[in-house]
Each structure stands twice: as structure tokens, then as C-alpha cells.
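S.K.:
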Amino acid sequence: MNGRLRYATIGAALVLLATLPWWVGNSYYINIASQILLFAVFALALNVLVGYAGLVSLGHAGLFAIAGYTAALLLQAGYGHFAADTAAIVVTLAASAIFAVLALRSTGIGFLMITLALGQIVWGIAYRWASLTGGDNGVNVTTRPSPFGISLANAPSFYFASLVVFLLAFATMAVFVRSPFGASLRGTRDQARRMNALGYNVWLIRFVAIVFSGFWTGISGLLFIYYNQFVSPQVSALTASAEVLLMVISGGTATLLGPIAGAIIVVVMKNVVSAYVERWNLVLGLIFIVIITFMPDGLVPGTVRLCRWSWHVIRWNGKPAPAMEKHSPGAPP
Amino acid sequence: MMTQLTSAQAVILAINSFAFGGLLFLLSAGFSLIFGLMRIPNLMHGSFFMLGAYFGVSLLDWGVNFWVAALLSGLAMAVIGGIIERFLLRRLEGQVLPQVLLTLGFAFIIADICLMVWTGDPWQPTAPPSLRGAVQAFGLFFPLYRLAILAVAVAVAIALWIMVDWTRLGAMIRAGVDDPPIARVVGIKVSQLFTLIFCLGAALAAFAGVMGAPFLSVYPGLDFEMLPLALIVVILGGTGSLLGALVGSFLLGFLYNFGQAMFPDLAYVILFLPMLLVLVLRPQGLFGRVVA
Amino acid sequence: MSALAVTQLCKAFGGLRVTASVNLTVEAGERRLIIGPNGAGKTTLFNLITGEIAPDSGSIVLFDRDITRVASYRRPHLGMARTYQIITLFDKDTILRNVTLALLGLSSLRWSPFTDLDGQPQLIERAREALARVGLAHLAARPLSQTSYGERRRVEIAMALAQNPKVLLLDEPFAGLSIDERRDVRALLNAIPREVTIVMIEHNMDVALDWAERITLLHFGKVIVEGTRAEVVADPRTREVYLGH
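Protein chains in written order, with numbering that gives the first Met the number 0: chain A, 0 to 332; chain B, 0 to 291; chain C, 0 to 244.
(1) Taking the continuous alpha helix (DSSP H) assigned at residue 170 of chain C, which residues delimit it?
(2) Are the beta-carbon atoms belonging to residue 139 of chain C and residue 99 of chain C less than 7 angstroms from one another?
(3) When DSSP labels each residue in this structure, what does residue 188 of chain B get in the three-state scheme?
(4) So is residue 165 of chain A in contact with chain C if we call contact Cβ pairs under 7 angstroms?
(5) If we cut at 7 angstroms on Cβ distances, does residue 95 of chain A have a partner in chain C?
(6) Since I believe residue 51 of chain B is in contact with residue 206 of chain B (beta carbons under 8 angstroms), could you give me their beta-carbon distance rounded to a whole number of angstroms?
(7) Counting only beta-carbon atoms, is residue 108 of chain A nearer than 7 angstroms to chain B?
(8) Determine whether the Cβ of residue 143 of chain C lies closer than 7 angstroms to any Cβ atom of chain A.
(9) Using a C-beta to C-beta distance shorter than 7 angstroms, which residues of chain A count as neighbours of residue 271 of chain B?
(10) For chain B, check one thing: does any of its Cβ atoms lie closer than 7 angstroms to the Cβ of residue 130 of chain A?
(11) So residue 231 of chain B and residue 116 of chain A are supposed to be a Cβ contact under 8 angstroms. How far apart are they, rounded?
(12) What is the DSSP secondary structure of residue 171 of chain A, reduced to helix, strand or coil?
(13) Starting from the C-beta of residue 78 of chain A, find all residues in its chain whose C-beta is less than 8 angstroms away, skip the five residues before and the five after it, and write them out in chain order.
(14) Taking 7 angstroms as the cut-off, decide whether the C-beta atoms of residue 361 of chain A and residue 95 of chain B are in contact.
(15) On the criterion of 16 or more Cβ atoms from any shown chain inside 10 Å, does residue 322 of chain A qualify as buried, or is it exposed?
(16) Who pairs with residue 23 of chain C in a beta bridge, going by DSSP?
(17) So what's residue 56 of chain C in DSSP terms, helix, strand or just coil?
(18) Flag residue 232 of chain A as yes if its beta-carbon sits less than 7 angstroms from any beta-carbon of chain C, otherwise no.
(19) Using beta-carbon positions only, say whether residue 82 of chain C and residue 159 of chain C come within less than 7 angstroms of one another.
(20) Could you give the DSSP three-state label for residue 120 of chain C: helix, strand or coil?
(21) What is the DSSP secondary structure of residue 319 of chain A, reduced to helix, strand or coil?
(22) Between the C-alpha atoms of residue 107 of chain C and residue 174 of chain C, what's the straight-line distance to the nearest angstrom?
(23) Contact check, residue 220 of chain A vs residue 245 of chain A under 8 angstroms by CB: the rounded distance?
(24) Determine the chain C residues that contact residue 195 of chain A at a beta-carbon separation under 8 angstroms, and present them in chain order.
(25) Contact check, residue 209 of chain A vs residue 48 of chain A under 8 angstroms by CB: the rounded distance?
(26) Tell me, please, which residues DSSP counts as bridged to residue 133 of chain B.
(27) Considering just the uninterrupted stretch of the beta strand (DSSP E) at residue 34 of chain C, what are its terminal residues?
(28) Is residue 254 of chain B near the ligand ADP, judged by its Cβ being under 6 angstroms from some heavy atom?
(29) The beta strand (DSSP E) spanning residue 225 of chain C covers which residue range?
(30) Just how far apart, CA to CA, sit residue 74 of chain C and residue 44 of chain C?
(31) Out of B/208, B/269, B/180 and B/199, which one is the CA nearest neighbour of residue 93 of chain B?
(32) 7 angstroms is my cut-off, CB to CB: does residue 244 of chain C come that close to chain A?
(33) How would you call residue 306 of chain A, buried or exposed, if buried means at least 16 neighbouring beta carbons within 10 angstroms?
(34) For the structure I just gave you, are there three or more beta carbon pairs, one from the stretch 211-228 of chain A and one from the stretch 79-96 of chain C, closer than 8 angstroms?
(35) Determine, using beta carbons only, whether residue 99 of chain A and residue 114 of chain A come nearer to each other than 7 angstroms.
(36) State whether the stretch 236-252 of chain B contacts the stretch 8-22 of chain B, with contact taken as three or more CB pairs (one from each stretch) at a distance under 8 angstroms.
In C-alpha cells form, the structure reads like this:
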């Protein structure tokens, strides 16, 4: 894509996003758009690890929930929005650092298992430590903040707030991906041992990436509780971690637009499916299996491939399904 | 918040701990072998446990003998696990992320199917008639069924130990755990071994599910409650180590029961503490070996 | 002052002693060849020197500085660079990016999350120079996955050279190359200035014999013979290791 066309596309997308409430109209749909934006931030954050660091985390819902719960509980205790949100981000950063130190004892499967277990700890606290977290009843968030005196109470204003956060996150990621640090991180994904021999501190690079990812996860967690005005243990469940992982993978990992496409796909699908049947988990599971079996590189490139593949099958070529690319990160140095 | 225990309570708790530890061993022995041998993070292991328990519930409902129901359930799960391994997981060998997604996908599907078939209400079948009640000794009552679980777990542990340490099959498994490529080179049919281990693991998990049903009861969400426990056991004991799985299981059993009695709010979280300690101090697990 | 001094270095994997009290002193500017049959512990010795493996005992000194306990990722910053016997490169990137990563590794810029890596002309320029030294300037933009084996061997060397090392460790740089390619790599090595001390591993004695000034023969983790080219070739123990049994 040449420069001018690219700017034109970005401009058109910005105009579409900025005018969305007017051409969508119905506040139900505006709310879905807000949901997509906040989950896109979450998916972008996880993609830093899954896509660029080659570290698959199944505990990210835990970090998301830590931000949400910290803010919700502090608000409930009577603190202001600014104090509660700042504290929530600080706590999330600390939790990310702890996650990182523990999970980086291993890479590959080990990393995944440890993050899963850490996510379950958060779930255990949210669900079982009822005297602190209210258990299954969750915590209500009675008011939304009013940054610069602008109330975010109605759907369009909340959408714009989400849009601003999303654009910030997206811009940060876009710069990050092209930056030397982004290149270092990808290097540790592809050849950890070589990176070490070239003078890179692989452990520290991964650590920083996890904390960076944790920061945006926390931001999206805050958006979520303000959007929902409620937080419950479900937010920290393994299903939630799996959903956001699905967003990252369905859109295609290690791309900027992939997680956003994934967020759209998953949020829309979840809303549509939930409107008709109560079988979201079943659908979620089926999507995983279909993606793995037929579209290992993500839904968008995968659909193209699936079409071609079925064409071959119809024509009796009997060509096997495309093999999946290896995705195991390099051995630790 | 901490509750004081009398010594009689402590004894009962200890028995419950052994029983729960036994169950955990049945669950995680297979998980440990699958993880250690095949390097597959089998995230549907908790689902095998839950689905197996539901199978058992239904079989018992139809009047099948308890032990027959447990064995049938294990057999059914071995077949299901075998099919998934042979036809889907097999194609993803060595690819961590796809394996995770596939097993996770099945875990979600199994959870939803269970919800559809067995509804959201908990089921608690009764223990077999011969094992109801308690034996009295030293002035204390020991619930028979829990002792039976412990006995079964110990029997399975001994059987597995004999299998792994004394048979040709076990030699192949050990070789496979130590160095899969070399095992393959020296002519071990690693692929068939994988399927066998996977079926065995699934069967043990389902068997444990049925055994556990009378005292844990079966309810939606049991799968993802048990999965992390199997995970902790393996991280604690070290991958692929049966002795590690045994010790880790009993450790967790005690932590869970005493934790629940003394710090009810935090019992679930306390379970993770030894895992965190082991990760920091001895990442290869208590009985694991350092891989060069 | 010697460039590299390894003293009483020991390493065992379980019961297997892969290096047993190895002593190795390489003077600044020297061309040292380490030979030995497969399994002699040559690559392990490199891994110990670069810190990828921690020794059980012994010390490693780089220009009078004891680096035995220095983290391995710090050692390139102290002037040590290496190549791998089994090619270890970034397949998804271009040749130029591979070499740029080598340069970035020593630059504090590597921590920057805000700048644009492609907008670092001096870094890119130096990467191009390094590629020109190994004769690959014309292939800079080619993805590594589309290069030949011989070209990758040279990219390995280019990456090490780009870091301007004081001590360069080459692990079988001729492995798998054709006669023509070997000649090219030889010419390339000859062009490396004398400020750079080079230690090369080779298990095939003939390939680099006339390149070396001093030769160390390693066998079962022990230094069997060490001396000038003529001394080592004439030594009966060399014949025994290579022709005996």
C-alpha cells in the first residue's frame, strides 16, 4: 500500500469511527461498539505477548480482573475515580510484575500452565474470598467518571471515551511494533538463544513486555467495569482468558489489525449467539477447533485458504489441509 | 477468621485429606504422564474428570453397580480421549498453541454438553452400600468410603509404579519421557505409546470422577476447578514423575482440607502457595530432574 | 596481556565430563584453531566461554577481566562475539535486519519503544557495511528464508563482525560448504584485521590447518596437544586421535 492510499484509509477509518454514534443511532449497537473497542484494547495487550513475544498467557483475565476489582472496591469504599483508577493501574502493574517473575521461570508450555494457575488464583480470590470481593455477588460500580467535566453516563459519550483510549492504545502499539524494542522482543520470540549471544537480556525484555501488556490489560479492565458498572468473578474465569486469546488468534497473531478484527468477530458473535441460544461456551469451543483444524493462521487468511482447500476437495485433488506453522518459542538461554 | 481444631476434628480432616489426595493422584497421574511424555498441556483433563463423574451418575441411576459404573465410565472416557488424541491432537504434535486451543475448545464443549444433559443442579450419588458408615477404632469413627478411596488410589499408584518401573512398556515410557527423539530412533513406537498413555490418563481421570462423586458431588464448573489442581500437582511434583504426583496430591489434599476448616475464605487460594514456592525455589519440581 | 585465558575449566553433565580442567591462553591478535573429533567438547567449550553454560569450576578471563560470573548477555558488550555451528538466524527477517539486530544488541537504543528502527540511518549503514565485508551487500533486502546455506554461513559471520568484537569465536564456519564457498570464507577471514583475536573450531583438520597460527587439540574434554601448526601436526598424539583406534 503506498503512502497516500494508506493515509486515506486511516483517515476514512477515523471518520467512520468518530461518527459512528450518528449513523448507528440505536444505543444498543453503540454499546456493542464500545464493547468491541474495550476488548480490542485487551486483545492488543495480549497480542504483545502471544504475537510478538511468543509467550501464550492463559491468565490475562486475572490481570484484567485485578484492575477492575481494585478500582471497583476502592470506589465502593468511597474513593474518587482518579484515586481508584490510579491505584488500580499501579496494583495491576505490580501484579503483572509478579506474574512475569513467576511465569518466566519457564517458556512454552510451562509459561502457559503457570499463567493459567495464576489466573485461577485471582479467580479463587474473587469467587471464594467473599468478605473482600463480595464473592459471586460481585461489586457494583455506581457512577462513571466525568473526565474534564464531560459525563460518560450515556452510550455515545462512553463510546467516545472508549474510542480515545482505543486510539491511544493502537497508536502506542503501532509505534511499539516498529521500534527497536519491538524488534528485540520479536527476536527473543524467534531465536532466544541468539539474542542472548548478541547481547540482549532476554529475560528482562520479556519481563518488560509482560508489564507493558499488563498495563493495557489494566486499562481495558477499567474501561470494562465502567462500561458494565459491575464486576463479578466471571471476569477472571478461564473462559474470559480463552475468549481474549481467541480474539488474538482468530484475527491473526503478530499483526496490528488482527486483534481488532478478532475483537469484532468475538464480541459480535457472542452478542448474536447469546441472543438466540445459551450455548456460548459450545460455540466458543467449536470455533477453537475449527480454527485449529482449518485456519491455523487466523480467520481472515484462513477463510481464503479454506475456500481454496474445499475447492481442491471438490475437484478430487485430495490435497491435505495446510500444515500449521510451529509456534513453540525458542528454548530459554 | 482462623478456626481452632480439636484433635478429633483433626483426625477426621486428615482422613479426608488422604481421600482427597488419593483422588487428586488418580486425576493427576495421567496428566503428569501426558504432560511429561507427550509435552501436551491437556487442558481437558478436568473435563475428563467431570464428564466421567456424570457418566457414573447416570450409570448409577440406571442401577449399575458402583464399581462397574466407575470402570465403564473410565472405559468410555478412554475411548473418547483416544479418538481425540488419534484424530486431532496427533496432527498438532510439537505445536503448543494449537494443542492448547484444541484441548481448551473441547473443554468448553464438554462443559456445555454436560450442562445441557445433566442440568446445572449438583448431583451427589450415594456411596456403594457396603462402604457406607464408618469403622470405629481408638475411640474415633473412620468413614469407610474415604478409606476405600485411599485404598484404591494406593492400589493404582502401586500398579502404575510396577508398570512404569518393571515392565517393558514402562521402560519405553521412561525412555520417552527422558528423550522422545532418541526413543523414536531406537525403535519405540512413540506414537502408539502416546495414544495408550492418553487413553490411560483419560480413563484414570474419569474413574477418579466417579470415585469422587459421592463426596465432592458433581456440578458445572467442577472441570475447571480440578484442572488447576492437576496442574499444581504436576508443577509441585515435577513433570512425568509418579512419585512426585503422589506426594504432591497428598500435600494438596491436606492443604485443601485443613485450609477449608481453618481459613474457609482462602482455602482455594492456599492451594496455590506451595506451587508458587516451588516455582521460585525449585522450578523443576520436587521430584523433577533438571533438563540440560 | 592475553586476549582470552581459560583456566582449569570443568563441566560435567551428570556423570559425563565434557570439559576436564581445560586451560587455554590465546594472545591478542592470534589465530587459534581448536580441533578434535566429534564429541571432543569443542562447542561446549565455546558455550562455557560465552556463558551459555555455567562451568562447574575454573575461570575465564577476557583481557585481564574475570568474566566467569558475568551474565552471558553482557559478554558481547565486553567484546566477545560468536557464530554457531548450527545456523541460528532469524528466518522471518531480511538479511539486513538480521545484521541490524546484531548491531542493536550492543546499542542502548535496543530498549527504546518509541523510535522507528527503520529510521536509524547510522545503524542501517553499519549493517550494510558489515554485509559488504562478507560480500552480501547486494542481497541485503532478501528474506533469510530465501537464501542459500552458504549465504547463511556468511550472514552468521557478518553478524559477529558487525559487533566489532575483540575476540571472535567461530564454530565450524566451513561446515557444509562447497570448495568454492570455503575459499570465499577463507578470504573473508584473512581480511579480518589483526586487532581481532580469532578462535575457530573445526573438526576436519585439513580445512583450516594453514590458517591457524597455533592449534589446540581437544579430545574427550581434555587438551591433548597444543603448539604451533608444525608441532601439532608432527605430534604422535595427534595422529593417534585422528588415525588411531
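For every residue, glycine included, the Cβ atom is placed at its ideal position computed from N, Cα and C.
Note that this is a predicted model, so its numbers are computed, not measured.
M.R.: Let me spell this out:
(1) Within the third sequence, the letter at position 171 stands for residue 170 of chain C. First-last for residue 170 of chain C: 166-170, but that is the beta strand (DSSP E), not the alpha helix (DSSP H).
(2) Within the third sequence, residue 139 of chain C is the residue found at index 140, counting from 1. Within the third sequence, residue 99 of chain C is the residue found at index 100, counting from 1. Contact: no.
(3) As a position in the second sequence, residue 188 of chain B is number 189, starting the count at 1. In the structure shown, residue 188 of chain B sits in coil (DSSP, three-state: anything other than H, G, I, E or B).
(4) Numbered from its first residue, the first sequence carries residue 165 of chain A at position 166. Put simply, the CB of residue 165 of chain A is far from chain C, with every gap to its CB atoms at 7 angstroms or more.
(5) Within the first sequence, numbered from 1, the residue matching residue 95 of chain A stands at position 96. Residue-level contact check: residue 95 of chain A does not touch chain C, since none of the beta carbons of chain C fall below 7 angstroms from its beta carbon.
(6) Here residue 206 of chain B corresponds to residue number 207 of the second sequence, with the count starting at 1. Here residue 51 of chain B corresponds to residue number 52 of the second sequence, with the count starting at 1. Taking the Cβ atoms as the reference, residue 206 of chain B lies roughly 7 angstroms from residue 51 of chain B, within the contact range of under 8 angstroms.
(7) On the first sequence, position 109 is the one that residue 108 of chain A refers to. Closer than 7 angstroms to some Cβ of chain B, the Cβ of residue 108 of chain A qualifies, so yes.
(8) For the purposes of this step, residue 143 of chain C is taken as residue 144 along the third sequence, with counting starting at 1. So, not an interface residue.
(9) Counting from 1 along the second sequence, the entry for residue 271 of chain B is found at position 272. Result: 116 and 120.
(10) Mapped onto the first sequence, residue 130 of chain A falls at position 131. Yes - at least one Cβ of chain B is within 7 angstroms of the one on residue 130 of chain A.
(11) Locating residue 231 of chain B in the second sequence gives position 232, counting from the first residue. Locating residue 116 of chain A in the first sequence gives position 117, counting from the first residue. Yes, residue 231 of chain B and residue 116 of chain A are in contact; Cβ-Cβ is about 6 angstroms, under 8 angstroms.
(12) Here the question's residue 171 of chain A lines up with position 172 in the first sequence. The answer is helix: DSSP assigns residue 171 of chain A an H, G or I state.
(13) Translated into positions along the first sequence, residue 78 of chain A becomes position 79. The residues 86, in chain order, have a CB closer than 8 angstroms to that of residue 78 of chain A in the same chain once the five nearest residues on each side in sequence are set aside.
(14) Only positions 0 to 332 of chain A appear in the structure, and residue 361 of chain A is not among them; the question remains open.
(15) On the first sequence, residue 322 of chain A is found 323 positions in, with the first residue counted as 1. Because the pLDDT of residue 322 of chain A is 44, which lies under 50, any placement of that residue in the model is unreliable, and the number read from its coordinates should be weighed accordingly. By the C-beta density criterion, residue 322 of chain A is exposed, having fewer than 16 other C-beta atoms within 10 angstroms.
(16) Here residue 23 of chain C is taken as the residue at index 24 of the third sequence, counted from 1. Answer is C/5.
(17) Residue 56 of chain C sits at position 57 when you count from the first residue of the third sequence. In this structure, DSSP gives residue 56 of chain C an extended state, which the three-state scheme calls strand.
(18) Along the first sequence, one-based indexing puts residue 232 of chain A at 233. Residue 232 of chain A does not count as touching chain C.
(19) The count along the third sequence starts at 1 and reaches residue 82 of chain C at position 83. The count along the third sequence starts at 1 and reaches residue 159 of chain C at position 160. Against a cut-off of 7 angstroms, the Cβ pair of residue 159 of chain C and residue 82 of chain C comes out as a contact.
(20) Taking the third sequence and counting its residues from 1, one reaches residue 120 of chain C at position 121. Assignment of residue 120 of chain C by DSSP, reduced to helix, strand and coil, places it in the helix class.
(21) Position 320 of the first sequence, counted from the start, is the residue given in the question as residue 319 of chain A. Confidence is the limiting factor: at residue 319 of chain A the pLDDT is only 46, short of 50, which leaves the residue's position unreliable and the question unanswerable from this model.
(22) As a position in the third sequence, residue 107 of chain C is number 108, starting the count at 1. As a position in the third sequence, residue 174 of chain C is number 175, starting the count at 1. CA-CA distance, residue 107 of chain C to residue 174 of chain C, rounds to 34 angstroms.
(23) As a first step, residue 220 of chain A is located in the first sequence; it is residue number 221 there, counting from the start. As a first step, residue 245 of chain A is located in the first sequence; it is residue number 246 there, counting from the start. That pair is no contact at about 18 angstroms.
(24) Translated into positions along the first sequence, residue 195 of chain A becomes position 196. Residues of chain C whose Cβ lies closer than 8 angstroms to the Cβ of residue 195 of chain A are, in chain order, 51, 71 and 72.
(25) Translated into positions along the first sequence, residue 209 of chain A becomes position 210. Translated into positions along the first sequence, residue 48 of chain A becomes position 49. Residue 209 of chain A to residue 48 of chain A, Cβ: 6 angstroms. Contact.
(26) The residue given as residue 133 of chain B occupies position 134 in the second sequence. Residue pairing by DSSP places residue 133 of chain B opposite B/142 in a beta bridge.
(27) One-based indexing of the third sequence puts residue 34 of chain C at position 35. Boundaries of the beta strand (DSSP E) harbouring residue 34 of chain C: 30-34, taken from the DSSP string.
(28) For the structure depicted, the ligand ADP is absent and the ligand set is empty, with no information on it obtainable.
(29) Residue mapping note: residue 225 of chain C aligns to position 226 of the third sequence, counting from 1. Going by DSSP, residue 225 of chain C is part of the beta strand (DSSP E) stretching over 221-227.
(30) Your numbering for residue 74 of chain C matches position 75 in the third sequence. Your numbering for residue 44 of chain C matches position 45 in the third sequence. So the alpha carbons of these two residues sit roughly 15 angstroms apart.
(31) By 1-based counting over the second sequence, the position of residue 93 of chain B is 94. Among B/208, B/269, B/180 and B/199, the Cα nearest to that of residue 93 of chain B belongs to B/180.
(32) Looking up residue 244 of chain C in the third sequence gives position 245. Here residue 244 of chain C scores only 45 on pLDDT, less than 50, and its place in the model is too uncertain to base an answer on.
(33) Taking the first residue of the first sequence as 1, we reach residue 306 of chain A at position 307. Flag for residue 306 of chain A reads exposed.
(34) Flag = no, the stretch 211-228 of chain A and the stretch 79-96 of chain C do not touch.
(35) Counted from its first residue, the first sequence places residue 99 of chain A at position 100. Counted from its first residue, the first sequence places residue 114 of chain A at position 115. Not a contact, by the Cβ cut-off of 7 angstroms.
(36) Cβ pair count under 8 angstroms is three or more, so yes.
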